[in-house]
Structures are given as structure tokens and as C-alpha cells.
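Note that the sequence shown covers residues 28 to 250 in the numbering used here.
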Amino acid sequence: MTLVSNDPSWWPLINTSVVFSYFAVAASVGLMYDCALTFGQEVKLIWRQRWSLMTFLYLIVRYVGIGYVVMYILISVPTISTTDAVSLIVNDGLYWMADVVNVILGVIMIARLHAMYQRSRKMLIFLVVIFLAIRIASVVMVAIRMMQISGEEFVLYGTYQCMFDSGGDFIFLTSMTWILFTVWEVLVLCLAVWIAVKHFHELRQHSTRGIIGDCFTVLMKTH
């Protein structure tokens, strides 16, 4: 249902929405411009090279990100008219796209840590179990949050606004999702720092070469 109002009390919301849309469009244009500038290098260094799992994951993240900003503009620019149903679909799509990208980034991080820990099977199993537990819990909470969101279209002084309303445990579930993400990020950061410090400590004890050169050697061998 579309509600039309010219009540002056809406002006703070309208102004905030317009200013926010400027930043959203500017950021999107910057991303598109960067993609256009680097597309030639991307074709040369990625598309024409031997493909691997990491290549496939990188391209998914890159082009899902482009699709994300396009969809985000649809619900961010107040001069673009979208029905409440379309806005809800776009909003849900943005949530799931972000979730897919987070999963892919997690897989990439697991692969990098697995290499840094000399392809330890125990470390791989540990990371996969923790990651799956967090992702499964996150997907369940995102699905519940999506079911609690409703939207309504407003036409305010010629601008189009879709107001989203969330009920139930939406805030609690959102907080829990961010906590789980933070736990994962802190865990992988600590593991990466630990193995790096361990390698550098071993280099200082056993190497007669320059520490900087040996550090680069270790990083290349483990990556």
C-alpha cells in the first residue's frame, strides 16, 4: 500500500535520505569506474590464466559486489519509485548476497590459514567445523529476521521512501549475528598472527640472512 503525505514533519527524513543517496551513488560510481579501469588487467591476469578455485571465488565476490551496489541504489535513491513488495525483495536479496560473499571470504581465509599452517589436517578440520557452526547459526538467524521484516511505500513531497518495520527478536538476532562474525574474525586474526610470529621467531634463531628477506621467503612459501 502506498501512502502519500506532504506533512512538513517529514522534511528531516527526506533531507537525510537525499544526502545519504548522494554518498551511495558516489560510492557506486567510484566502484564502477575502478572496475572499468582495471577490467583490461583483470582479463589479462585472471580470465586468461589457469583457473583455480580461488579464481572462481574471486570473480564471484567481485561481480556479486557490483550487483549489490546496483540493487542498493534502487532502494537508496529517493527519486526511484519501487513498490513495497519490490523493496522487500531487493532488501532480502541484499542480505543474502552479503551472506554469500561472507561465506566465500571465509572459504578463502580457511584456505590461506591451511597453507600457513603447513597444510595441517587438524587445523583444516578445526577451521571448517567452527566456520560451519557459525555460518549455519547465521543463516538460521538471517532467515528468521527476513520473516520479521515488513515494508511500506511512502510518497513524501515527490520523493519515494520505503519504510521497513522489524518486529519480534530482530535486534537481538542482528546482534547475535554480528557477535558470531566478530568471533570468527578475531579467531582467524589470532591464528594468522600466531603462525606469523612463530615463523619470524624461528627465522631469528636459525637464519644468518637478513630478517626482511627471510620473512618474504616464508610468506611466499606458505602462500
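Positions of the beta carbon are idealized from the N, C-alpha and C atoms, including for glycine.
Exercise. Measure the beta-carbon distance from V97 to V52 and round it to whole angstroms, keeping in mind my assumption that it falls under 8 Å.
Key: With a Cβ gap of about 11 Å, V97 and V52 do not count as contacting.
Quiz item: Among all the DSSP beta bridges, which residues are the ones paired with S193?
Solution: I176
Quiz item: From I102 to T109, what distance separates their C-alpha atoms?
Solution: CA-to-CA, the gap between I102 and T109 works out to about 7 Å.
Quiz item: Given I41, which residues of its chain have a CB within under 8 Å of its CB, disregarding the five upstream and five downstream residues?
Solution: P105, L183, Y184, T186, Q188
Self-check item: For S177 and L115, the rounded distance between their alpha carbons
Solution: 7 Å
Self-check item: V127 to L86 span [Cα, whole Å]
Solution: 13 Å
Quiz item: Is L154 closer than 8 Å to L140 when the C-beta atoms are compared?
Solution: yes
Practice problem: Assign K149 to one of three DSSP states: helix, strand, or coil. | Solution: helix
Practice problem: Compute the beta-carbon to beta-carbon distance between A170 and L207, rounded to the nearest angstrom, for a pair I have assumed lies under 8 Å. | Solution: At roughly 15 Å, the Cβ-Cβ gap does not stay under 8 Å, so A170 and L207 are not in contact.
Exercise. With distances taken Cα to Cα, identify the nearest neighbour of S48 among M174, D61, I107, Y90.
Key: I107
Quiz prompt | Element boundaries [alpha helix (DSSP H), containing W78] | solution = Element bounds for W78: n/a, residue is neither H nor E.
Practice problem: Would you kindly work out how many angstroms separate the C-alpha atoms of V70 and Y90, rounded to a whole number? | Solution: 14 Å
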